[in-house]
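Novice: Got a structure for you, questions after.
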Amino acid sequence: MTRQRSTYRSLASLQRDLRVCRACVEAGYHLESLPVVNEHLGQRAYMYGQAPGVVEGEERRPWRGRAGKTLRRWLELEDDEFYETFYCASVTRCYPGRAPSGRGDRTPTPREQELCSFWREWELRAMKPQLVVTVGGLAARRLLGLK
Numbered sequence: 003m004t005r006q007r008s009t010y011r012s013l014a015s016l017q018r019d020l021r022v023c024r025a026c027v028e029a030g031y032h033l034e035s036l037p038v039v040n041e042h043l044g045q046r047a048y049m050y051g052q053a054p055g056v057v058e059g060e061e062r063r064p065w066r067g068r069a070g071k072t073l074r075r076w077l078e079l080e081d082d083e084f085y086e087t088f089y090c091a092s093v094t095r096c097y098p099g100r101a102p103s104g105r106g107d108r109t110p111t112p113r114e115q116e117l118c119s120f121w122r123e124w125e126l127r128a129m130k131p132q133l134v135v136t137v138g139g140l141a142a143r144r145l146l147g148l149k
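To convert a position in the sequence shown, counted from 1, into my numbering, add 2.
And the structure:
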């Protein structure tokens, strides 16, 4: 059952509730994974993407699949260094499944995006990051409040 408090004092307590979030499932959406969460805390940079992929959904860790490997290569960062630098989040926190066409992953619906916005808002309040990096157009639009 989803737990969302009216306030959070730390990212650790926020993540405890995020780990058990089922808001989208409770709203009737079929998802392919449980929420993906960070293992590291204390970063000063926030990386914000669209949604976890199949590998991330299986491992419940962000940026573990092909896109994450490519991103770490571009940034010239080893795994540990990447995760110690960036708190990784996404517009939606669970792998949404394959696109109906069978090509790529399904883009989360606007309602799914809204259901997950709670987590982003509290992460940014708790972290007060020095740097926010968006990966992809959907992440940039959501962060800026554009539809």
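Note that CB positions come from ideal geometry on N, CA and C, so glycine has one too. The structure presented is a predicted model; accordingly, all values stated were derived computationally and were not measured.
Taking 8 Å as the cut-off, decide whether the C-beta atoms of Glu86 and His42 are in contact.
Specialist: Position 84 of the sequence shown, counting from 1, holds the residue named residue 86. Position 40 of the sequence shown, counting from 1, holds the residue named residue 42. Cβ atoms of Glu86 and His42: closer than 8 Å.
Novice: Going straight from the alpha carbon of Leu33 to that of Leu77, what length do you get?
Specialist: Residue 33 sits at position 31 when you count from the first residue of the sequence shown. Residue 77 sits at position 75 when you count from the first residue of the sequence shown. The straight-line gap from Cα to Cα measures roughly 30 Å.
Novice: Identify every residue that forms a DSSP beta bridge with Arg100.
Specialist: Mapped onto the sequence shown, residue 100 falls at position 98. DSSP, once it has assigned bridges, lists Asp107 as partnering Arg100.
Novice: Comparing alpha-carbon positions, which option in Thr9, Val27, Val39 lies nearest Arg113?
Specialist: Residue 113 sits at position 111 when you count from the first residue of the sequence shown. Ranking the options by Cα distance to Arg113, first place goes to Val27.
Novice: For the alpha helix (DSSP H) holding Thr14, just list the boundary residues, first then last.
Specialist: Here residue 14 corresponds to residue number 12 of the sequence shown, with the count starting at 1. Note that residue 14 is Ala in the sequence shown here, rather than Thr. From DSSP, the alpha helix (DSSP H) with Ala14 extends over 13 to 21.
Novice: Note the first and the last residue of the continuous alpha helix (DSSP H) segment covering Val56.
Specialist: The count along the sequence shown starts at 1 and reaches residue 56 at position 54. Start and end: 56 to 61.
Novice: When the distance is taken between beta carbons, is Ser35 closer than 8 Å to Cys96?
Specialist: Within the sequence shown, residue 96 is the residue found at index 94, counting from 1. Within the sequence shown, residue 35 is the residue found at index 33, counting from 1. Going by C-beta atoms, Cys96 is nearer than 8 Å to Ser35.
Novice: Quick one: any contact between the region 88 to 104 and the region 41 to 55, if contact means 3 or more CB pairs under 8 Å?
Specialist: Touching, yes, given that three or more Cβ pairs across the two stretches are closer than 8 Å.
Novice: Counting pairs of Cβ atoms below 8 Å between the region 65 to 77 and the region 118 to 135, do you hit three or more?
Specialist: no
Novice: According to DSSP, is Thr87 part of a helix, a strand, or is it coil?
Specialist: If you number the sequence shown from 1, residue 87 lands on position 85. DSSP places Thr87 in helix when its eight states are reduced to three.
Novice: With DSSP as the reference, label Gly51 as helix, strand or coil.
Specialist: For this step, residue 51 is matched to residue 49 along the sequence shown. If DSSP states are grouped into helix, strand and coil, Gly51 belongs with the strands.
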